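Q: Below you'll find the structure I mean.
2 protein chains.
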Amino acid sequence: MHLPPHLLKLITALKGLPGVGEKTAERFAFQILKWPKERLQTLASTLSAVPDELRHCSVCGCLIGNTPCGLCDLSQRDPTQLAIVASDKDVFVLDGTGTFRGIYHVLGGLLSPIDGKGTEGLRLEQLRRRIAELGVKEVILALDSTLDGDATALFLKRELESLDVTLSRLAFGLPLGSSFDYVDAGTLSRALSGRSRA
Amino acid sequence: MHLPPHLLKLITALKGLPGVGEKTAERFAFQILKWPKERLQTLASTLSAVPDELRHCSVCGCLIGNTPCGLCDLSQRDPTQLAIVASDKDVFVLDGTGTFRGIYHVLGGLLSPIDGKGTEGLRLEQLRRRIAELGVKEVILALDSTLDGDATALFLKRELESLDVTLSRLAFGLPLGSSFDYVDAGTLSRALSGRSRA
């Protein structure tokens, strides 16, 4: 006996979620079967409405609702500081800290020398134009501390060094609450070289 | 800055999936934002159609599509053997082995002495009626080898012992491909007491 065709269709659709394979999709599907009709409809209609309800700001690339982009509102934000982030999700993480009041530029990805991914798809033209137009003084590279993040930071440094802006990158060091026992040598070494007066 | 309301709605809806918390739901939601419109629509419409496309057979409780229940078709299945399983999902697992050609009865759960869950919601009336009407000769308890499974097996044994049927339970022993090094003492002890001639 095989699974009913509609259940297979549901499982296939759920397998598109990140990290969800056959077994997890099956588990999700059988749970969904137990949901009341209203709950099913809520998820279905929320999914359908995504293209209408959520869009990316054409200027900074941030994810916004059906309203003008609050992160591009220069009466609220300081245009002299611009943070470059890889993805729309990173904006929420960084802005959630409440310590940055500048503006953002979503790059749309990272260079990946290993995977052979170059600058295609990255919003570089808009970046240069915005830096020039907005009178940005400091560009903060808020990128992952991975090989791809490092490659992208190096690339952006070369791209932007001819412009009259200060370039900075997020600090590397011990994560808060971390114990020496669990910190790798690379992190420790960067924390040492970036030490500050106590 | 907060997440757009529609994104929050999507995250909340996704959190209903088993094992999916805030962080995973966020990861799912941001991935879903990248999906093309058609893919969104496919998942949305599949979810909406679940109540129309999938139902449980009123006789055996198995999950079926829009067709008569193939597992209750006595021209294809042997009604002298009836397997009692806890959930609709278990039917697919057991039937997928291809070694059982009898009929099923989905109980709809297990007793749980620890959680104080009794027989409420279990399809016991239908079970007794089916055993009497179909001329079942053997009832196979195809239940988990857990505390709840054991409690349910014991309960069913007492419930059904007055009927003229043979009661059996799935064998306990070494899982195929297992090494002695990784088998617990309880399993080994059951495998020993259930040994057969080599």
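Line order of the protein sequences matches chains U and A. Residues 17 to 214 (this note's numbering) are what the first sequence spells out, left to right. Residues 17 to 214 (this note's numbering) are what the second sequence spells out, left to right. Where is the CB? At the ideal position from N, CA and C, for every residue including glycine. The structure displayed is predicted, hence computed values, not measured ones.
Can you pull the chain U residues whose beta carbon is under 7 Å from the beta carbon of residue 64(A), in chain order?
A: Walking along the second sequence from the start, residue 64(A) turns up at place 48. Going along chain U in sequence order, the residues near residue 64(A) (Cβ under 7 Å) are 56, 57 and 60.
Q: At least one CB of chain U closer than 7 Å to the CB of residue 84(A): is that the case?
A: On the second sequence, residue 84(A) is found 68 positions in, with the first residue counted as 1. No, its Cβ sits nowhere closer than 7 Å to a Cβ of chain U.
Q: So residue 154(U) and residue 182(U) are supposed to be a Cβ contact under 8 Å. How far apart are they, rounded?
A: Here residue 154(U) refers to the residue found at position 138 of the first sequence. Here residue 182(U) refers to the residue found at position 166 of the first sequence. Right, the Cβ-Cβ distance comes to about 5 Å (below 8 Å), so this counts as a contact.
Q: Under 7 Å Cβ-Cβ, which residues of chain C neighbour residue 69(A)?
A: Any reference to chain C falls outside this structure, whose protein chains are U and A.
Q: If we define contact as Cβ-Cβ less than 7 Å, is residue 81(U) a contact residue for chain A?
A: The count along the first sequence starts at 1 and reaches residue 81(U) at position 65. With 7 Å as the cut-off, residue 81(U) counts as an interface residue toward chain A.
Q: Against chain A, does residue 31(U) count as a neighbour if the rule is that its beta carbon must be under 7 Å from one of theirs?
A: Within the first sequence, the letter at position 15 stands for residue 31(U). Not closer than 7 Å to any Cβ of chain A, the Cβ of residue 31(U) fails to qualify, so no.
Q: Are the beta-carbon atoms belonging to residue 67(A) and residue 53(U) less than 7 Å from one another?
A: Taking the second sequence and counting its residues from 1, the one referred to as residue 67(A) is at position 51. Taking the first sequence and counting its residues from 1, the one referred to as residue 53(U) is at position 37. Yes; because the gap between Cβ atoms is below 7 Å, this pair is in contact.
Q: Would residue 43(A) count as contacting chain U if we go by Cβ distances under 7 Å?
A: What you label residue 43(A) is simply residue 27 of the second sequence in a count that begins at 1. Interface with chain U (7 Å Cβ-Cβ cutoff): residue 43(A) is included.
Q: Leaving out five residues on either side along the sequence, give the residues of the same chain with a beta carbon under 7 Å from the beta carbon of residue 172(A).
A: As a working note, residue 172(A) is residue 156 in the second sequence. Closer than 7 Å at the Cβ level, and outside the excluded window around residue 172(A), lie 100 and 157.
Q: Would the beta-carbon of residue 137(A) fall within 7 Å of that of residue 125(A)?
A: Counting from one through the second sequence, the residue named residue 137(A) turns up at place 121. Counting from one through the second sequence, the residue named residue 125(A) turns up at place 109. In contact: residue 137(A) and residue 125(A) (Cβ atoms closer than 7 Å).
Q: Comparing C-alpha positions only, which one of 208(U), 143(U), 202(U) and 115(U) sits nearest to residue 93(U)?
A: Here residue 93(U) is taken as the residue at index 77 of the first sequence, counted from 1. Comparing Cα positions, the closest option is 115(U).
Q: Determine the burial state of residue 30(A): buried for a count of at least 16 other Cβ atoms within 10 Å of its Cβ, exposed for fewer.
A: Counting from 1 along the second sequence, the entry for residue 30(A) is found at position 14. With 16 or more Cβ atoms within 10 Å of its Cβ, residue 30(A) is classed as buried.
Q: Rounded to a whole number of angstroms, what is the C-alpha to C-alpha distance between residue 70(U) and residue 96(U)?
A: Stepping through the first sequence from its first residue, residue 70(U) is reached at position 54. Stepping through the first sequence from its first residue, residue 96(U) is reached at position 80. Whole-angstrom Cα-Cα distance: 28 Å.
Q: How would you call residue 168(A), buried or exposed, if buried means at least 16 neighbouring beta carbons within 10 angstroms?
A: In the second sequence, residue 168(A) corresponds to position 152, counting from 1. Label assigned to residue 168(A): buried.
Q: Taking the alpha helix (DSSP H) that residue 56(A) falls in, what are its first and last residues?
A: Here residue 56(A) refers to the residue found at position 40 when the second sequence is read from its first residue. Taken as a continuous stretch (DSSP letters only), the alpha helix (DSSP H) holding residue 56(A) covers 53-69.
Q: When you compare only the Cα positions, how much space is there between residue 122(A) and residue 87(A)?
A: Position 106 of the second sequence, counted from the first residue, corresponds to residue 122(A). Position 71 of the second sequence, counted from the first residue, corresponds to residue 87(A). Approximately 12 Å between the Cα atoms of the pair.
Q: Would you mind reading off the limits of the alpha helix (DSSP H) that contains residue 92(A)?
A: Taking the second sequence and counting its residues from 1, one reaches residue 92(A) at position 76. Careful: residue 92(A) lies outside any alpha helix (DSSP H) and carries neither H nor E.
Q: For residue 119(A), go through chain U and note every residue whose CB falls closer than 8 Å to its CB, in chain order.
A: Taking the first residue of the second sequence as 1, we reach residue 119(A) at position 103. What residue 119(A) touches in chain U: nothing, since even the nearest Cβ is about 12 Å away.
Q: How far does the alpha helix (DSSP H) with residue 48(U) in it extend, from its first residue to its last?
A: Within the first sequence, the letter at position 32 stands for residue 48(U). Unbroken alpha helix (DSSP H) run through residue 48(U): 38-48.
Q: In chain A, what lies closer than 7 Å to residue 47(U) by C-beta?
A: What you label residue 47(U) is simply residue 31 of the first sequence in a count that begins at 1. Correct list: 33 and 34.
Q: Please report how far the alpha carbon of residue 195(U) lies from the alpha carbon of residue 204(U), in whole angstroms.
A: As a working mapping, residue 195(U) is identified with position 179 in the first sequence. As a working mapping, residue 204(U) is identified with position 188 in the first sequence. Their Cα atoms are separated by approximately 11 Å.
Q: Quick check on residue 39(U) - is its C-beta less than 7 Å from some C-beta in chain A?
A: Translated into positions along the first sequence, residue 39(U) becomes position 23. Closer than 7 Å to the CB of residue 39(U) there is not a single CB belonging to chain A.
Q: Listing by chain order, which chain A residues have their CB less than 7 Å from the CB of residue 19(U)?
A: By 1-based counting over the first sequence, the position of residue 19(U) is 3. What residue 19(U) touches in chain A: 108.
Q: Measure the C-alpha to C-alpha separation of residue 90(A) and residue 82(A) and round it to an integer number of angstroms.
A: Locating residue 90(A) in the second sequence gives position 74, counting from the first residue. Locating residue 82(A) in the second sequence gives position 66, counting from the first residue. Distance between the alpha carbons of residue 90(A) and residue 82(A): 19 Å.
Q: Whole-angstrom Cβ separation of residue 79(U) and residue 45(U), contact assumed at under 8 Å?
A: Here residue 79(U) refers to the residue found at position 63 of the first sequence. Here residue 45(U) refers to the residue found at position 29 of the first sequence. Contact doesn't hold; Cβ gap of about 28 Å is too wide.
Q: Going along the chain, which residues of its own chain have a beta-carbon closer than 8 Å to the beta-carbon of residue 102(U), five neighbours each way excluded?
A: Walking along the first sequence from the start, residue 102(U) turns up at place 86. For residue 102(U), where only same-chain residues beyond five positions count, the Cβ hits under 8 Å are 122, 123, 124, 125, 126, 159, 160, 165 and 168.
Q: Tell me which residues share the same chain as residue 189(U) and place their Cβ nearer than 8 Å to its Cβ, disregarding the 5 neighbours each side in the sequence.
A: Position 173 of the first sequence, counting from 1, holds the residue named residue 189(U). Closer than 8 Å at Cβ, skipping near neighbours: 203, 206, 207 and 210.
Q: What residues from the region 132-160 of chain A come within 8 Å of chain U, judged by C-beta to C-beta, listed N to C?
A: none
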